[in-house]
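Each residue of the sequence shown is one higher than the one before, starting from 153 at the first, in the numbering used here. Right, one structure below, let's go through it.
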Amino acid sequence: METQIFAGRTAVVTGGASGIGAALARKLHGQGAAVVIGDLDAGKGEELAAALGNGRALFHATDVSDPGAVAALIDRAVSAYGGLDMLFNNAGIGSFSRIEALSVEDWRRVVAINLDAVFYGLKAAIPAMKARGGGSIVNTASASGMAADFGFAAYNAAKAGVINLTRTAAIDNARYGIRVNAVCPGPVDTPILSGISSIPDLRAKWEDVVPMGRFAKPEEIASVIAFLASDAASYVTGAIIPIDGGLTAHTGQPNLYRSIG
Ligand code: NAD
């Protein structure tokens with residue numbers, strides 16, 4: 153059994169039915185937290201909450217692009233478990249298009265789910281955390297919020313917005329005992345990438361640009377997020393943490409060892 157560092161604490165995980173969010177929900181629950189999974193996917197969300205069990209997990213159907221739904225998700229956690237200690241703004245969707253071909257609707261949808269939802273989460277959670285005397289929030293940004301990718305205009309812009317929103321939220325709330333940080337994963341083996349990474353040769357090319365030469369497992373992202381939420385990171389706020397196998401440490405220039413030896 154893992155050390156129960158989150159015993160007596162309540163967490164809300166958006167996008168908690170799949171991928172990084174599901175790995176995070178399992179990790180937090182395994183370390184003693186009560187976990188509220190907020191997601192659109194009721195099938196997978198209910199299944200995970202039931203599997204976790206112990207009277208410390210529930211699923212709440214949530215569309216994070218709806219501010220009222222996000223407020224209701226936070227209220228549900230407070231009413232079910234007596235307060236809110238941790239919020240993980242993690243739900244997200246991908247997008248790939250040239251700018252001139254990207255519809256206004258698709259732009260707005262990507263920004264609504266990946267960026268606006270983080271604002272809605274902060275807005276609802278901060279008063280609940282102030283009432284509790286503090287708390288910890290971790291936003292899932294992306295390596296794609298730190299630099300640009302071909303065809304990722306909406307996603308790049310939204311995730312860059314998450315990074316600077318994280319910083320504002322951190323400094324605004326530092327004196328209230330609320331820490332706010334963001335993680336920037338590189339490629340992770342989750343359903344969000346399964347469409348493009350199943351294109352022949354693309355997976356190998358993608359792995360090749362990562363200095364570590366591989367995609368992350370969702371658990372490798374969840375463990376860093378859980379650390380940031382824990383008391384072990386008590387002096388960390390406003391931090392933007394790459395978890396990317398070295399991807400954003402690289403300028404993008406060619407690997408000279410392959411030409412020069
Ligand atoms: P995923 O597709 O496995 O999980 C995303 C979850 O978000 C799903 O359960 C989905 O149902 C949920 N979701 C989507 N729209 C929603 C909405 N409107 N309301 C509520 N829930 C919604 O993908 P993942 O890789 O686990 O993604 C988690 C986060 O990590 C996202 O913010 C994503 O942008 C980010 N991220 C992923 C990668 C990667 O390579 N997988 C890299 C960097 C950042």
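All C-beta atoms, glycine included, are put in the ideal place defined by N, C-alpha and C.
#1: Between Val388, Val262 and Asp258, which has its C-alpha nearest alanine 312's C-alpha?
#2: Determine, using beta carbons only, whether leucine 380 and alanine 295 come nearer to each other than 8 Å.
#3: Could you check where the alpha helix (DSSP H) with asparagine 316 kicks off and where it finishes?
#4: Looking at the strands, I want to know which residues DSSP matches up with isoleucine 395.
#5: Quick one: measure Cβ to Cβ for alanine 174 and leucine 200, integer angstroms, because I've assumed they're closer than 8 Å.
#6: Return the CA-CA distance between alanine 334 and alanine 169, expressed in angstroms with no decimal places.
#7: Can you tell me whether valine 340 sits near ligand 1, meaning its C-beta is under 7 Å from at least one heavy atom of the ligand?
#8: Isoleucine 323 and glycine 390: beta carbons closer than 8 Å?
#9: Taking 8 Å as the cut-off, decide whether the C-beta atoms of alanine 194 and leucine 180 are in contact.
#10: How far does the beta strand (DSSP E) with glycine 190 in it reach, from first residue to last?
#11: Which same chain residues, not among the five before or five after alanine 277, have their C-beta less than 8 Å away from its C-beta?
#12: Of the residues Arg366, Asn241, Lys282 and Ser249, which one's Cα is nearest the Cα of isoleucine 315?
#13: Only counting the same chain, and skipping five residues up and downstream in sequence, which positions put a Cβ closer than 7 Å to that of arginine 228?
#14: Taking buried to mean at least 16 other C-beta atoms within 10 Å of its own C-beta, is phenylalanine 302 buried or exposed?
#15: Quick check on DSSP: helix, strand or coil for isoleucine 330?
#16: What are the start and end residues of the alpha helix (DSSP H) that includes valine 361?
#17: Using only alpha-carbon positions, find the residue among Gly160, Gly297 and Gly338 that is nearest to isoleucine 172.
#18: Buried or exposed, going by whether 16 or more other CB atoms sit within 10 Å of the CB of glycine 160?
#19: Report the residue from Arg331, Ile348 and Pro363 whose alpha carbon sits nearest the alpha carbon of tyrosine 409.
#20: Could you tell me whether any non-hydrogen atom of ligand 1 is closer than 7 Å to the CB of isoleucine 412?
#21: Could you say which of Phe304, Thr292 and Asn308 lies nearest to methionine 298 if we only look at CA atoms?
#22: Around the Cβ of glutamine 405, are there at least 16 other Cβ atoms within 10 angstroms (buried) or fewer (exposed)?
#23: Taking Cβ positions, are glycine 244 and threonine 318 nearer each other than 8 Å?
So, to answer that:
#1: For the residues Val388, Val262 and Asp258, the minimum Cα distance to alanine 312 belongs to Val262.
#2: In this structure, alanine 295 does not lie closer than 8 Å to leucine 380 by Cβ.
#3: From DSSP, the alpha helix (DSSP H) with asparagine 316 extends over 305 to 325.
#4: Bridge pairing for isoleucine 395: Pro337 [DSSP].
#5: About 6 Å separates the Cβ atoms of alanine 174 and leucine 200, confirming a contact at the 8 Å cut-off.
#6: C-alpha of alanine 334 to C-alpha of alanine 169: approximately 20 Å in a straight line.
#7: The beta carbon of valine 340 sits closer than 7 Å to at least one heavy atom of ligand 1.
#8: For the 8 Å CB-CB criterion, isoleucine 323 and glycine 390 form a contact.
#9: Going by beta carbons, alanine 194 and leucine 180 fall outside the 8 Å limit.
#10: Per DSSP, glycine 190 belongs to the beta strand (DSSP E) from 186 to 191.
#11: Excluding the 5 residues flanking it on each side, alanine 277 has same chain C-beta neighbours closer than 8 Å at Val164, Ile226, Leu236, Leu239, Gly287 and Ile289, in chain order.
#12: In terms of CA proximity to isoleucine 315, Asn241 leads the group Arg366, Asn241, Lys282 and Ser249.
#13: Sequence-distant partners of arginine 228 (beyond 5 residues in either direction) whose C-beta falls short of 7 Å from its own C-beta, in its chain, are Val188 and His212.
#14: The residue is exposed, with fewer than 16 neighbouring Cβ atoms inside 10 Å.
#15: It is a strand residue.
#16: From DSSP, the alpha helix (DSSP H) with valine 361 extends over 354 to 361.
#17: Ranked by Cα distance from isoleucine 172, the options Gly160, Gly297 and Gly338 are led by Gly338.
#18: Flag for glycine 160 reads exposed.
#19: Selected option, being the one with the closest Cα: Pro363.
#20: No, ligand 1 has no heavy atom inside 7 Å of this Cβ.
#21: Comparing Cα positions, the closest option is Asn308.
#22: So glutamine 405 ends up on the exposed side.
#23: It is not a contact, given that the beta carbons lie outside the stated cut-off.
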